[in-house]
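**Student:** In numbering that gives the first Met the number 0, the protein residues as written are 0 to 248. My questions will all concern the structure given below.
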Amino acid sequence: MIRIFLVALLPIVFIPACRKSSPQSADSPGAADTETATATADAVEEPSQVQLAPVPIELPRPMFVGTPQNIRGVSRLAKPLGKPRPPFLAPAGTENLAFGKPVSSSDEEPIIGEIEYITDGDKSAADGSYVELGPFVQHITIDLGAECEIYAVLLWHYHKQARVYFDVIVQVANDPDFITEVSTLFNNDDDNSSGLGAGRDLHYVETHEGKLIDAKGTRARYVRLYSKGNNANELNHYIEVEVFGKPVK
């Protein structure tokens, strides 16, 4: 009876032992997966740190003359910063790619000045430093000569008076006709009156600091800027446009 009883108990004693998991060997599938995952994690390298530096911006002398006209009636107007603009950081070696580059315009016969003024490096608001284009929607296009990585666009319309320009739109593309793969960097045309889509950016008052637009490293060869008059008159003006970036290697 005792032997029978012991034999009957054997399954009861051994059943839990069968269910107990043993450590995985190096040859087991689970161990191989673990080793692969560990090796993969070890192989992933952290991205290299990009060295940033302040973009070298030279500002013209302030030249406000008179009092602002009708600025209080401009909707969606950005509040003045009230202090100098902080430095804009970009990868070290960033430079003004637009300096001396060719410029074309929707108005081929400017009322005042020459289209070439826009990239000649002269940012002064004095007479002889700006180009005046006709009324309605006008645009100018800068050819950087090759695809570039663009970090910022800095533009001056006219800073001799505290003016607000309307439907300011800045686009970049590799297509000179701006039909395909167009990226919009800035658009304050809130009612789509220029036909390029409604924008959410704010109107702003022109100052000697210009308008700095973050391009976030967008790659393009051509830079196009639109405007549609200002609060003082229906004409369009440009003093200078700078495009900060690096050529794509």
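We treat Cβ as the ideally placed atom computed from N, Cα and C, and that holds for glycine. Values in this document were obtained by computation on a predicted structure and should not be read as measured data.
(1) Quick one: Cα of residue 163 to Cα of residue 91, how far?
(2) Between which two residues does the beta strand (DSSP E) carrying residue 232 extend?
(3) To the nearest whole angstrom, what separates the beta carbons of residue 185 and residue 200, a pair I think is in contact under 8 Å?
(4) If we call anything under 8 Å between Cβ atoms a contact, is residue 112 one with residue 94?
(5) Does residue 174 pass the burial test, meaning 16 or more other C-beta atoms within 10 Å, or should it be called exposed?
(6) Check for me: the beta strand (DSSP E) holding residue 97 runs from which residue to which?
(7) Express the C-alpha separation of residue 168 and residue 50 in angstroms, rounding to a whole number.
(8) Among the residues of its own chain, which have a CB less than 8 Å from the CB of residue 137, if the five just before and after it don't count?
(9) Could you pull the DSSP bridge partners for residue 266 from this structure?
(10) I need the DSSP call for residue 221, collapsed to helix, strand or coil.
(11) Under 8 Å, do residue 182 and residue 217 count as touching if we go by C-beta distance?
(12) Might you give, ordered along the chain, the residues of its own chain that have their beta carbon closer than 6 Å to the beta carbon of residue 233, omitting 5 neighbours on each side?
(13) What separation, rounded to the nearest whole angstrom, lies between the Cα atoms of residue 53 and residue 127?
(14) Around the C-beta of residue 75, are 16 or more other C-beta atoms found within 10 angstroms, so that it is buried, or is it exposed?
(15) What does a CB cutoff of less than 6 Å around residue 11 pick up in its chain, not counting 5 residues either side in sequence?
(16) Could you give the C-beta distance for residue 240 and residue 141, rounded to a whole number, given that I count them as a contact under 8 Å?
(17) Could you check what DSSP says for residue 144 in three-state terms: helix, strand or coil?
(18) Near residue 247, which residues of its chain fall below 8 Å by C-beta distance, leaving aside the five closest residues on each side in sequence?
(19) For residue 153, which residues in the same chain have their Cβ closer than 6 Å to its Cβ, ignoring the five residues on either side in sequence?
(20) Name the two residues that bound the continuous beta strand (DSSP E) containing residue 122.
(21) In three-state DSSP terms, what is residue 112?
(22) Run through the DSSP bridge pairs and tell me what residue 129 is partnered with.
(23) Are residue 151 and residue 62 closer than 8 Å when you measure CB to CB?
(24) How should residue 98 be labelled, buried or exposed, when 16 other C-beta atoms within 10 angstroms of its C-beta is the threshold for buried?
(25) Could you check what DSSP says for residue 196 in three-state terms: helix, strand or coil?
(26) Under 8 Å, do residue 237 and residue 139 count as touching if we go by C-beta distance?
(27) CA-CA distance, residue 205 and residue 48?
**Tutor:** So, from the listed chains and residues:
(1) 33 Å
(2) No beta strand (DSSP E) contains residue 232, which DSSP labels as neither H nor E.
(3) 5 Å
(4) no
(5) The residue is exposed, with fewer than 16 neighbouring Cβ atoms inside 10 Å.
(6) Looking at the DSSP string, residue 97 is not in any beta strand (DSSP E), and its letter there is neither H nor E.
(7) If I take the Cα positions, the gap works out to 30 Å.
(8) 104, 105, 106, 225, 226, 227, 235
(9) Only positions 0 to 248 of the chain appear in this structure, which leaves residue 266 out of reach.
(10) strand
(11) yes
(12) The beta carbon of residue 233 is closer than 6 Å to those of 134 in its chain, skipping five residues each way along the sequence.
(13) Spanning the two alpha carbons is a distance of roughly 30 Å.
(14) Per the 10 Å Cβ criterion, exposed.
(15) Because residue 11 sits at a pLDDT of 39, beneath the cut-off of 50, its placement in the model cannot be relied upon, and the following sentence gives the value as read from the coordinates. Within the same chain, residue 11 has no close Cβ partners at all.
(16) 6 Å
(17) Note: residue 144 maps to strand in three-state DSSP.
(18) 145, 146, 147, 148, 218
(19) 209, 211, 241
(20) Run containing residue 122: none; DSSP gives neither H nor E here.
(21) coil
(22) Looking at the DSSP assignment, residue 129 forms no beta bridge with any residue, so it has no partner.
(23) no
(24) By the 10 Å Cβ count, residue 98 comes out exposed.
(25) coil
(26) yes
(27) 36 Å
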